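Numbering (our numbering), first residue to last: 170 to 255.
Each residue gets a CB set at the ideal place from its N, CA and C atoms; glycine is no exception.
Keep in mind that this is a model prediction, so the values were computed, not measured.
Here the structure is laid out as C-alpha cells; the discussion comes afterwards.
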C-alpha cells in the first residue's frame, strides 16, 4: 500500500549552488572565465513526504548532520507514524 510510505530527503542551497563548474569556448581557444568566489550562508531542508504531500519539514542554517537528521526523525516523524500494519 503506497499510503504507508514516508519519504525523507535532504536538500541545501548556498551562493555556490548556481555557479557553473564547466565552461565552453570556441574550438582551439582556451576557456577563460573569471569568477568571484563567495562563501555564503548555507540553508538546508529536511522534508517528509507522503502520498498526501509534505507532512512536516525543517529548514535551518548550515549542513545536515547525523544529529540533525536523527533529531528530525525522533521529534517530527516518529510521533506521526502508525505501528505496522497501520
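Which of the three DSSP states, helix, strand or coil, is assigned to residue 230?
The answer is strand: DSSP assigns residue 230 an E or B state.
CA-to-CA distance, residue 192 to residue 235, given in whole angstroms
Roughly 35 Å separates the two Cα atoms.
Which word fits residue 241, buried or exposed, when buried means at least 16 other C-beta atoms lie within 10 angstroms of its C-beta?
So residue 241 ends up on the buried side.
Measuring alpha carbon to alpha carbon, tell me which residue in 202, 201, 214, 220 is nearest residue 180.
Taking residue 180 as reference, the option from 202, 201, 214, 220 with the minimal CA-CA separation is 214.
Which residues in the same chain as residue 250 place their Cβ atom closer than 8 Å to its Cβ, once the five residues preceding and following it in sequence are excluded?
Excluding sequence neighbours, residue 250 sits near 175.
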